[in-house]
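In the working numbering, the protein residues as written are 2 to 556.
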């Protein structure tokens, strides 16, 4: 009898266990769930160790020399191999990498940069100021030739290049053109001579440093670097990087995919573990569901500049801001990019967590607003669309996200304006802005150092659109310029005498008086496969930082 009872009890246990097995979901998960799931990685296989190799995607390149223009995915990977004189912290401070210090001559025309000792290239050669000088001279040669950010590979040109239209980029290039010469002092410092004083020079020295002997050699054989990762092998099909030290990932296999479309397909097929996308690619693929994603703000900024050729620029801006404030969906018109009223990161150390109030409009300006209905009746009683004043908008050719224009058109209909879009090629952008035959221009900017309101205003000036001198409240110009200088102090010797409250207030008052409406901050994106556990700790400037700490579980 006891044996019979034990058998019956065993059967009950088996049936109960079967009833607890995981079944099929009753419904499809939310499409946005992939953005927020913290456990998207499958559990590791039993009794296995994580793989020491991770596979990523890069794009076709004419060479693997880091000083020559590269696609964002390729250049980001090479940043693991090469170091720069200076870098930028996550909250916007300048920090030395190969450079340990810098100082200025009394007239501000010479910058003396001292290099840290005990830095070596992977070939055993010490990193010297001669290497930094040669790298600088070669980088300047690219600018003179107009090659900077001109991606040569044909398939890549199908994607929108923000830098081709950026006022910030134009202003940045003016900074390089201000460099007169460079030399190495008897003390072994790099000395850069300027045509006119520019205290912002260190922000331009963010390019990779390579050996002097390899600075001008453009080939598929990458020059020696001094970073934590080394090039183990290379070919037309990709790169293999390797490192020693802590971390699970010791090798990176970078496979070449001609386009983001093919790279995304390769990701879906399990050929790669990580997929890094630039802002244009992010705009196209951000809505893909069931993929674990990491979004990185990248310093890009999209805004509307209102032309005052016939007066009323601020009135036009205020009418649009009123509509955006009344319709939350329109406020995020640049989706998948996040709305941004100002060209500044929330994590900016100068803000210290202080919020900048939005430029809000509580009443629709006179002369705007929709008609009582979308259609009116003519004399015969037939419905007709009412005539609306036209509003001419200049837009960079190929802009992404393309849906932004449709949403802008809807917004202008709400203020009783008919939007007429004029798409302008990159070569004609400056000319079209200078002619002034438009009501507004859609501006796209890229901040290479860190988003800074003063930089944005200088970018407007570089485009010939506006001079921000005297705008805003009294003293606001001095506050913004002083705050910009504070970010350049390496050792903290320069006291930050600009309070967070004063800085935020100066930003608000300056932009409140500008005929500009902020729309969005752009970003980049990383896709993680289900075999990858963990998240990288990098920023858009160095997205692969921390890749060695990921766990890759092969199945």
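Even glycine gets a Cβ: it sits at the ideal position worked out from N, Cα and C. Every value quoted in this text rests on a predicted model; they were computed, and no experiment measured them.
Less than 8 Å divides the Cβ of residue 395 from the Cβ of residue 439.
Residue 89 is positioned such that its CB atom lies closer than 8 Å to that of residue 450. Residue environment for residue 280: buried (at least 16 other C-beta atoms within 10 angstroms of its C-beta). Leaving aside the five residues that flank residue 398 on each side, the residues in its chain whose CB is nearer than 8 Å to its CB run, in chain order, 424, 425, 426 and 427. Note on residue 217: under 16 other CB atoms within 10 angstroms of its CB, so exposed under the neighbour-count rule. By the CB criterion at 8 Å, residue 203 and residue 284 fall outside the cutoff.
The region 118–125 makes contact with the region 225–241, as at least three CB pairs between them are under 8 Å. With a cutoff of 8 Å on beta-carbon distance, residue 109 and residue 198 are scored as near each other.
As for any alpha helix (DSSP H) of minimum length 4 sitting wholly inside the region 440–466, the runs are 454–463, ordered along the chain.
Listed in chain order, the non-local C-beta contacts of residue 433 below 7 Å within the same chain comprise 395 and 425, local neighbours out to five positions each way being set aside. In the three-state reduction of the DSSP assignment, residue 113 falls in the strand class, which pools E and B. For residue 397, the enclosing beta strand (DSSP E) has its first and last residue at 391–397. Beta-bridge annotation (DSSP): residue 529 is paired with 275 and 293.
Residue 84 places its beta carbon less than 8 Å from that of residue 227. By the criterion of at least three beta-carbon pairs nearer than 8 Å, the region 540–555 is in contact with the region 71–82.
With 16 or more other Cβ atoms from the protein chains shown falling within 10 Å of its own Cβ, residue 532 counts as buried.
Nearest in C-alpha terms to residue 68, of all of 221, 324, 105 and 161, is 221. Between residue 253 and residue 55, the CB-CB gap stays under 8 Å.
Contact check between the region 258–268 and the region 511–523: fewer than three CB pairs, one atom from each, fall below 8 Å, which does not count as touching.
At a Cβ-Cβ threshold of 8 Å, residue 537 and residue 527 count as neighbours. A distance below 8 Å separates the beta carbons of residue 168 and residue 444. Going by C-alpha positions, residue 454 is about 21 Å away from residue 87. When secondary structure is reduced to three states using DSSP, residue 357 falls in the coil class, being assigned neither helix nor strand.
According to the DSSP secondary-structure assignment, residue 75 is paired through a beta bridge with no residue. The residue from 448, 460 and 117 with its alpha-carbon nearest to that of residue 102 is 117. Taking C-beta atoms as the reference points, residue 193 and residue 210 fail to come closer than 8 Å. Nearest in C-alpha terms to residue 161, of all of 407, 488 and 73, is 73. A direct Cα-Cα distance of roughly 27 Å separates residue 119 from residue 182.
Residue 96: member of the beta strand (DSSP E) spanning 95–97, first to last residue.
Apart from sequence neighbours up to five positions away, the residues of its chain that approach residue 549 with a beta-carbon distance below 6 Å are 248 and 250, ordered along the chain.
Contact check for residue 274 and residue 50: beta-carbon distance about 16 Å, past the 8 Å limit, so the pair fails to qualify. Per DSSP, residue 122 lies in no beta strand (DSSP E) segment and is marked neither H nor E. Nearest C-alpha to residue 311 among 366, 224, 351 and 392: 392. Residue 422 has its alpha-carbon roughly 23 Å from the corresponding atom of residue 366. Counting only residues of its own chain and dropping the five nearest sequence neighbours on each side, residue 127 has a CB closer than 6 Å to the CB of 121. Of the other Cβ atoms in all chains shown, 16 or more fall within 10 Å of the Cβ of residue 308; this residue is therefore buried.
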